[in-house]
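*Asks:*
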Amino acid sequence: MIRLYAMNIARTSKAFHIVIIGGSFAGIRAAQELESLLLPHIATITVIEKRDQYFYNLGALRAMAKPELIDLMWLPYDNIFRHQQNKIIKGEVSAVYPNSVILKDGRKVNFDSLLVATGSIYPPPCKVDTTSNMKGKAELRMFSEMIHESDSILVIGGGPTGVGLAAEIITEYPSKIVILIHSGPRLMSTETNSKSMSRKTHRKLKSLGVKVYLNERVVVPEKDPLKYRVGGRWLETSKGRMIFSHFQFLCNGIKFDTS
Numbered sequence: 050m051i052r053l054y055a056m057n058i059a060r061t062s063k064a065f066h067i068v069i070i071g072g073s074f075a076g077i078r079a080a081q082e083l084e085s086l087l088l089p090h091i092a093t094i095t096v097i098e099k100r101d102q103y104f105y106n107l108g109a110l111r112a113m114a115k116p117e118l119i120d121l122m123w124l125p126y127d128n129i130f131r132h133q134q135n136k137i138i139k140g141e142v143s144a145v146y147p148n149s150v151i152l153k154d155g156r157k158v159n160f161d162s163l164l165v166a167t168g169s170i171y172p173p174p175c176k177v178d179t180t181s182n183m184k185g186k187a188e189l190r191m192f193s194e195m196i197h198e199s200d201s202i203l204v205i206g207g208g209p210t211g212v213g214l215a216a217e218i219i220t221e222y223p224s225k226i227v228i229l230i231h232s233g234p235r236l237m238s239t240e241t242n243s244k245s246m247s248r249k250t251h252r253k254l255k256s257l258g259v260k261v262y263l264n265e266r267v268v269v270p271e272k273d274p275l276k277y278r279v280g281g282r283w284l285e286t287s288k289g290r291m292i293f294s295h296f297q298f299l300c301n302g303i304k305f306d307t308s
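Residue numbers (the numbering used here): 50 to 308.
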């Protein structure tokens with residue numbers, strides 16, 4: 050929740066202009082909170098977002114097992130704001146200056162205050178590297194079809210995304226071989242998750258039929274990286290274990306989106 054302790058806004062006829070770079074979870078939440086706190090004549094809000102629609106990536110893992118949900122992962126930006134002077138601009142920022150930003154198409158957007166909420170980059174299917182909702186839907190359908198066609202699937206990474214993806218796949222396709230390999234000593238090993246939760250998660254995955262390997266890393270040869278296509282391959286772990294799978298998902302390596 051945003052709390053405004055002080056607003057150093059000059060009393061002029063011109064509204065204070067707030068620009069937010071990024072229209073995902075944080076950017077949209079901030080924009081709506083600010084709109085609810087500031088009267089229309091005091092401030093205007095502009096969100097700059099490179100995608101043409103809002104991508105609800107938290108539902109992407111479920112959509113891998115239930116492809117009929119894919120269309121629901123992309124939502125138009127039509128009803129974000131209540132006041133007409135607040136808006137969303139489709140574009141990508143190429144330069145930031147003290148009081149303005151320049152978009153890649155040459156447009157200039159002035160601001161009095163700037164908030165950067167560009168989010169993060171993550172391997173698919175949790176996030177997709179496209180600005181088009183049509184291409185994003187097509188990419189998600191491709192991954193869903195690959196899961197359907199594969200007899201065995203390897204999930205690399207035992208954080209919330211890897212655990213969620215493995216659980217969704219094995220629940221929808223209990224006859225498939227689903228393997229989850231994690232480099233750490235326990236699953237879901239974040240600061241906010243207790244050891245008890247990790248143990249419960251591990252037991253639940255095993256009860257569903259997921260093969261879980263901890264304290265091991267998958268060694269992916271540089272000359273033969275992971276490819277998003279169905280095709281059986283063997284991969285060796287850091288302990289020398291050979292694992293075969295028809296398709297592989299990389300579920301680690303989250304990075305801040307500074308592009």
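Here a beta-carbon is modelled for each residue, glycine too, at the ideal position from N, C-alpha and C. On a predicted model such as this, the values are computed, not experimentally measured, just so you know.
Let's see if you can read the secondary structure: which residues bound the alpha helix (DSSP H) around lysine 249?
*Replies:* Here the alpha helix (DSSP H) through lysine 249 covers 244–257.
*Asks:* Between the segment 115–132 and the segment 144–154, do at least 3 Cβ pairs fall closer than 8 angstroms?
*Replies:* Judged by Cβ distances under 8 angstroms, the segment 115–132 makes no contact with the segment 144–154, as fewer than three pairs qualify.
*Asks:* Here's the rule: buried if 16 or more other CB atoms are within 10 angstroms of the residue's CB, otherwise exposed. What is arginine 100?
*Replies:* Per the 10 Å Cβ criterion, buried.
*Asks:* Rounded to the nearest angstrom, what separates phenylalanine 293 and glycine 281 at their Cα positions?
*Replies:* Their backbone Cα atoms lie some 7 angstroms apart in a straight line.
*Asks:* Can you tell me which of Asn159, Lys186, Thr307 puts its alpha carbon nearest to the alpha carbon of methionine 122?
*Replies:* Residue Lys186 is the option with its Cα nearest to methionine 122.
*Asks:* What does the alpha-carbon distance come out to for the pair lysine 176 and leucine 164?
*Replies:* Cα to Cα, lysine 176 sits roughly 22 angstroms from leucine 164.
*Asks:* Report the three-state DSSP secondary structure of valine 204 (helix, strand or coil).
*Replies:* Residue state, collapsed to three classes: strand.
*Asks:* Identify whether phenylalanine 74 lies in helix, strand or coil by the three-state DSSP scheme.
*Replies:* In this structure, phenylalanine 74 counts as helix in the three-state DSSP scheme.
*Asks:* Okay, do the segment 89–103 and the segment 112–120 touch, 3+ Cβ pairs below 8 angstroms being the bar?
*Replies:* Judged by Cβ distances under 8 angstroms, the segment 89–103 makes no contact with the segment 112–120, as fewer than three pairs qualify.
*Asks:* Restricting to runs no shorter than 3 residues, where is the beta strand (DSSP E) found entirely within the segment 63–121?
*Replies:* Listed in chain order, they are 65–70, 92–98.
*Asks:* Give, in chain order, every unbroken run of the beta strand (DSSP E) that is at least 3 residues long and sits entirely within the segment 120–186.
*Replies:* 136–139, 142–146, 149–152, 157–159, 162–165, all fully within the segment 120–186.
*Asks:* Closest by CA to valine 269, which one among Ile228, Leu284, Leu263?
*Replies:* If we check each option's Cα against that of valine 269, Leu284 comes out closest.
*Asks:* Do aspartate 306 and glycine 140 have their C-beta atoms within less than 7 angstroms of each other?
*Replies:* No, they are not a contact pair.
*Asks:* Nearest by alpha-carbon distance to serine 199: which of Asn264, Glu82, Asn106, Val227 is it?
*Replies:* Out of Asn264, Glu82, Asn106, Val227, Val227 has the C-alpha closest to the C-alpha of serine 199.
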